[in-house]
Structure formats: structure tokens, C-alpha cells
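Enquirer: There's a structure below that I have some questions on.
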Amino acid sequence: LFETYSGRRLDADTTTDIWTVSPQLVFRGDFDGISNHVTMGVDFTRATQDVDNTSSSGGSETGALEKDNIAYYFHDRLGVEVKIFLSGGYGHDRVKFKYDYEDEKSNNIIDEEAANIGINYAFGPGSKLYGSFTQGFRYPVIDEQFDYKRNNEVDPDLQPQRSRNYEAGGSVQIVAGFVSRLNLFRTETK
6 LFETYSGRRL DADTTTDIWT VSPQLVFRGD FDGISNHVTM GVDFTRATQD
56 VDNTSSSGGS ETGALEKDNI AYYFHDRLGV EVKIFLSGGY GHDRVKFKYD
106 YEDEKSNNII DEEAANIGIN YAFGPGSKLY GSFTQGFRYP VIDEQFDYKR
156 NNEVDPDLQP QRSRNYEAGG SVQIVAGFVS RLNLFRTETK
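Residue 195, in the numbering used here, is where the sequence shown stops; the numbers in between run on with no holes.
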């Protein structure tokens with residue numbers, strides 16, 4: 006990365022390593038006319054970034070940033086009489102950011118939750134109605150927390166992006182091969 010700020014040239018050399026382990030258990034079964042599809046899992050991700058900055062004013066700074074993430078989740082989809090499908094899920098996520106940059110050393114731990122619920126009603130061939138709600142989040146990636154413009158500082162106070170999504174819609178098969186669809190949605194992001 007090469008940037009120029011206020012006449013000052015900054016050469017930034019960064020190396021990022023990411024590895025992930027994601028074991029998952031899936032169960033499918035039928036009980037008295039109800040189909041059931043359950044998914045459970047755990048995700049673990051580690052991201053590390055080494056930073057080496059050199060400015061045209063002669064300054065040189067190095068540092069390391071780390072992001073450890075562990076999440077568990079559960080999702081279930083039930084089918085009733087092959088016409089109605091109910092689904093819902095929940096996930097809990099914890100991230101730990103570790104900053105070691107020049108004289109600044111700190112840790113930041115954030116917990117977040119995600120959830121979803123939905124219903125789908127098939128009332129004819131190629132025709133259905135549905136509704137859903139999803140609550141989610143996105144953590145800042147390591148690069149977003151590092152500010153090259155402000156004296157190469159780390160911003161440990163940067164918060165996750167949080168969102169809520171509401172959706173409803175449906176489709177109607179007018180004749181074979183011709184389907185009319187309508188989807189309405191609203192997304193709130195903070």
C-alpha cells in the first residue's frame with residue numbers, strides 16, 4: 006500500500022494470515038408427517054496482521070494486530086404437510102481483538118448475537134407466500150481498525166455494524182412456466 010497524505014508519503018507493508026475451523030452437525034428426520042432439518046455448528050477463526058510502515062519523514066513503525074473469533078449456532082427448519090415450512094435459528098459470537106502497535110497494547114472483547122425466524126406457505130404449484138426477520142452483525146476487519154492517516158493509530162473503539170432485516174413476499178404461478186413475484190423488505194443498519 007502506498008499513500009500520500011498532506012505531502013507526506015507513507016509506504017505500508019502488511020501481511021495478513023487467516024485460518025478457520027468450522028465443524029458442523031446436520032440432522033434430517035421425519036416425525037409424524039413433520040420433516041425436520043437441524044444444523045448445529047461452531048466456527049473458530051484467527052486472523053493476524055503484521056504492519057510495517059515507513060514515511061517519507063524518516064519514521065518507521067511496526068506492529069501486530071490479532072483477531073480471534075469463536076461462534077456457535079443452531080438452525081431448525083420444520084416442514085408441516087409439505088405446505089408450511091417454519092425456520093428459526095440463533096447464534097452467539099465472541100471476538101477478541103489484540104493490538105500490539107508501537108507503544109499501544111490493548112485487548113478488546115465484543116459479544117454479539119444473531120437470530121432469524123421465517124415462515125413459508127406453499128399454496129399451489131409454483132406459488133407461495135413467505136415472511137422473515139433476521140438480526141445480524143459484522144465486526145470491523147483488522148484493516149478497518151488501523152488508521153494510516155492519523156499517525157498510524159489503531160482505533161479499538163470501532164464498534165460492530167448491526168442490522169435488522171424484515172422481508173415478506175410471494176410468488177404466483179399464473180400458467181405453467183410463467184410466475185409473478187413480489188418481494189418487500191426493509192433493512193435497518195447501525
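Each residue gets a CB set at the ideal place from its N, CA and C atoms; glycine is no exception.
(1) With distances taken from CA atoms, which of A69, H42, V56, Y78 is nearest S27?
(2) Does the separation of the CB atoms of T20 and D148 fall below 9 Å?
(3) Only counting the same chain, and skipping five residues up and downstream in sequence, which positions put a Cβ closer than 6 Å to that of I114?
(4) Count the CB pairs spanning the segment 121-128 and the segment 78-96 that are closer than 8 Å, and state whether there are at least three.
(5) Can you grab the Cα-Cα spacing for the pair V56 / V159, in whole Å?
(6) Starting from Q164, trace the alpha helix (DSSP H) both ways and give me its first and last residue.
(7) Please determine, among R99, G175, F142, the residue with the shortest C-alpha to C-alpha distance to L134.
(8) Would you decide whether D116 is buried or exposed? Buried here means 16 or more other CB atoms lie within 10 Å of its CB.
(9) Below 6 Å CB to CB, which residues in the same chain sit around T25 once its five sequence neighbours on both sides are set aside?
(10) For my contact list, G215 and E118 are in at a C-beta cut-off of 8 Å; report their separation, rounded to the angstrom.
(11) Reducing DSSP to helix, strand and coil, say where Y10 ends up.
(12) Assuming A120 and Q140 form a contact by the criterion Cβ under 8 Å, report the distance between their Cβ atoms to the nearest whole angstrom.
(13) On the CB-based measure, 16 or more other CB atoms within 10 Å of its CB, does Q54 come out buried or exposed?
Expert: Short version:
(1) The option with the nearest alpha carbon to S27 is Y78.
(2) It is not a contact, given that the beta carbons lie outside the stated cut-off.
(3) Excluding positions up to five away in sequence, the list reads K101.
(4) Contact between the segment 121-128 and the segment 78-96 is present, with at least three C-beta pairs closer than 8 Å.
(5) If you take the alpha carbons of V56 and V159, they lie about 11 Å apart.
(6) Note, Q164: premise wrong, no alpha helix (DSSP H); not H, not E.
(7) Of the candidates R99, G175, F142, the one whose C-alpha sits nearest the C-alpha of L134 is G175.
(8) D116 is exposed by the Cβ-count criterion.
(9) Its chain contains T50 as the residues whose beta carbon lies nearer than 6 Å to that of T25, once the 5 sequence neighbours on both sides are disregarded; these appear in chain order.
(10) Any question about residue 215 goes unanswered here, given that the chain covers just 6 to 195.
(11) Confidence is the limiting factor: at Y10 the pLDDT is only 49, short of 50, which leaves the residue's position unreliable and the question unanswerable from this model.
(12) About 5 Å; that satisfies the 8 Å criterion.
(13) Only buried fits Q54, as 16 or more other CB atoms lie within 10 angstroms of its CB.
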